[in-house]
Amino acid sequence: MSSVRGKKILVTGGAGTIGSNLVDLLAEGGAREIVVLDNFVRGRRANLAQALPSGVVEVVEGDIRDAATVRKVTEGADLVFHLAAIRITQCAEEPRLANEVLVDGTFNVLEAAAEAGVAKVIASSSASVYGMAETFPTTERHHPYNNDTFYGAAKAFNEGMLRSFHAMYGLDYVALRYFNVYGPRMDIHGLYTEVLIRWMERIEAGEPPLILGDGTQTMDFVDVRDIARANVLAAESDLTDEVFNIAGGTETSLKELAEGLLEAMGATGLEPVHGPARSVNSVVRRLADTSQATERLGFTAQIDLRTGLRDLVEWWRAEREAAQ
Numbered sequence: 052m053s054s055v056r057g058k059k060i061l062v063t064g065g066a067g068t069i070g071s072n073l074v075d076l077l078a079e080g081g082a083r084e085i086v087v088l089d090n091f092v093r094g095r096r097a098n099l100a101q102a103l104p105s106g107v108v109e110v111v112e113g114d115i116r117d118a119a120t121v122r123k124v125t126e127g128a129d130l131v132f133h134l135a136a137i138r139i140t141q142c143a144e145e146p147r148l149a150n151e152v153l154v155d156g157t158f159n160v161l162e163a164a165a166e167a168g169v170a171k172v173i174a175s176s177s178a179s180v181y182g183m184a185e186t187f188p189t190t191e192r193h194h195p196y197n198n199d200t201f202y203g204a205a206k207a208f209n210e211g212m213l214r215s216f217h218a219m220y221g222l223d224y225v226a227l228r229y230f231n232v233y234g235p236r237m238d239i240h241g242l243y244t245e246v247l248i249r250w251m252e253r254i255e256a257g258e259p260p261l262i263l264g265d266g267t268q269t270m271d272f273v274d275v276r277d278i279a280r281a282n283v284l285a286a287e288s289d290l291t292d293e294v295f296n297i298a299g300g301t302e303t304s305l306k307e308l309a310e311g312l313l314e315a316m317g318a319t320g321l322e323p324v325h326g327p328a329r330s331v332n333s334v335v336r337r338l339a340d341t342s343q344a345t346e347r348l349g350f351t352a353q354i355d356l357r358t359g360l361r362d363l364v365e366w367w368r369a370e371r372e373a374a375q
């Protein structure tokens with residue numbers, strides 16, 4: 052087992068939802084230097100307010116599509132956490148951009164890491180690689196051939212690149228397949244916001260949450276703070292050339308999610324309404340088998356959905372108040 056203490060660490064997408072929560076943990080864990088590379092399309096400097104006073108965080112505004120910038124910020128790094136990405140909905144609308152960011156950008160990160168002699172890369176993958184899974188709970192051994200989204204295809208290719216860089220150059224890595232991430236610092240300002248953000252806006256305005264579909268679709272939610280902790284555990288483990296599901300391990304329907312959010316917002320008098328199912332992603336069920344992450348990384352989600360939703364609402368209301 053190694054530690055983040057005393058290490059120089061690069062975090063791509065480090066001002067985003069997951070990245071900034073991870074940066075907090077790395078600063079608290081005694082990292083010597085943390086370089087945050089972010090283009091601030093989705094990330095926000097305000098997300099780094101907790102970590103910046105530590106004095107170990109350097110913020111570089113730049114893009115992973117710029118190979119020279121990536122190479123420069125990777126110099127001397129012991130660890131790289133690669134989180135920079137664009138959302139699944141934007142990938143569907145702008146597939147060329149998605150290819151440039153998710154595929155070419157990831158290649159730039161891995162090439163720079165190999166050249167710089169980085170000890171380990173922790174890469175953010177996604178349950179989207181499974182598409183509509185055939186077995187539940189879904190294990191890491193499930194094949195990737197049911198995916199029909201560009202985002203999922205790019206993430207599957209990312210995992211292939213990681214394996215090939217490990218084989219060609221000995222670059223150590225662990226890839227983490229996140230399921231349905233939510234929590235404080237979610238993107239509330241961008242064009243491609245999460246369903247929970249849209250629901251909170253409606254509920255706060257006295258309108259019911261709009262469920263696209265019949266509400267029986269299920270997800271496996273995991274709080275962003277648990278995701279950040281999983282990244283640190285993966286970095287500190289001796290494991291390499293491995294991939295893990297990172298999830299809560301609990302199936303929650305959209306109807307149950309809407310009801311939970313209404314409770315968290317104190318709006319139980321409202322009832323969800325329904326609209327046509329979205330066409331971007333045909334997946335109607337998610338449930339992860341997280342036994343490998345538990346047994347080999349020591350990861351188990353600690354924040355239940357009820358607590359996480361309450362914390363999300365509290366953060367979101369504070370953000371809205373500060374913006375007024």
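Quick note on the working numbering: the sequence shown kicks off at 52 and runs consecutively.
Backbone N, C-alpha and C fix where the C-beta goes; we use that ideal spot for every residue, glycine too.
What three-state label does DSSP hand residue i in the structure shown?
| i | result |
| --- | --- |
| residue 198 | coil |
| residue 132 | strand |
| residue 175 | strand |
| residue 147 | helix |
| residue 63 | strand |
| residue 339 | strand |
| residue 140 | helix |
| residue 203 | helix |
| residue 345 | helix |
| residue 245 | coil |
| residue 240 | coil |
| residue 235 | coil |
| residue 92 | coil |
| residue 208 | helix |
| residue 358 | helix |
| residue 183 | coil |
| residue 214 | helix |
| residue 158 | helix |
| residue 72 | helix |
| residue 277 | helix |
| residue 81 | coil |
| residue 317 | coil |
| residue 311 | helix |
DSSP beta-bridge partners for residue i?
| i | result |
| --- | --- |
| residue 282 | Looking at the DSSP assignment, residue 282 forms no beta bridge with any residue, so it has no partner. |
| residue 270 | 303 |
| residue 325 | 262 |
| residue 297 | 229 |
| residue 224 | 172 |
| residue 86 | 61 and 109 |
| residue 189 | 339 |
Looking only at C-alpha atoms, which of the options sits nearest to residue i?
| i | options | result |
| --- | --- | --- |
| residue 89 | 232, 227 and 132 | 132 |
| residue 300 | 338, 137, 290 and 266 | 338 |
| residue 334 | 58, 179 and 171 | 179 |
| residue 153 | 167, 235 and 138 | 138 |
| residue 341 | 213, 371, 368 and 294 | 294 |
| residue 315 | 348, 356, 289 and 347 | 356 |
| residue 55 | 280, 361, 161 and 303 | 280 |
| residue 287 | 365, 167 and 76 | 76 |
| residue 215 | 230, 162, 370 and 240 | 162 |
| residue 360 | 345, 232, 371 and 284 | 232 |
| residue 347 | 374, 336, 289 and 363 | 289 |
Please return the same chain residues whose Cβ sits closer than 8 Å to the Cβ of residue i, not counting the five positions on each side in sequence.
| i | result |
| --- | --- |
| residue 96 | 66 and 110 |
| residue 217 | 223, 224, 291 and 292 |
| residue 364 | 251, 312, 315 and 316 |
What do you get for residue i, buried or exposed, if any count of 16 or more other CB atoms within 10 angstroms of its CB means buried?
| i | result |
| --- | --- |
| residue 185 | exposed |
| residue 196 | exposed |
| residue 324 | exposed |
| residue 164 | buried |
| residue 328 | exposed |
| residue 104 | exposed |
| residue 91 | exposed |
| residue 83 | exposed |
| residue 271 | buried |
| residue 100 | exposed |
| residue 326 | exposed |
Within a Cβ cutoff of 6 Å, which residues of the same chain sit near residue i, ignoring the five residues on either side of it in sequence?
| i | result |
| --- | --- |
| residue 305 | 262, 266 and 268 |
| residue 69 | 134, 275 and 278 |
| residue 129 | 58, 59 and 170 |
| residue 251 | 367 |
| residue 120 | 113 |
Take residue i and list the residues in its own chain whose beta-carbon comes closer than 7 Å to its own, dropping the five residues that flank it on each side.
| i | result |
| --- | --- |
| residue 277 | 352, 353 and 354 |
| residue 319 | 313 |
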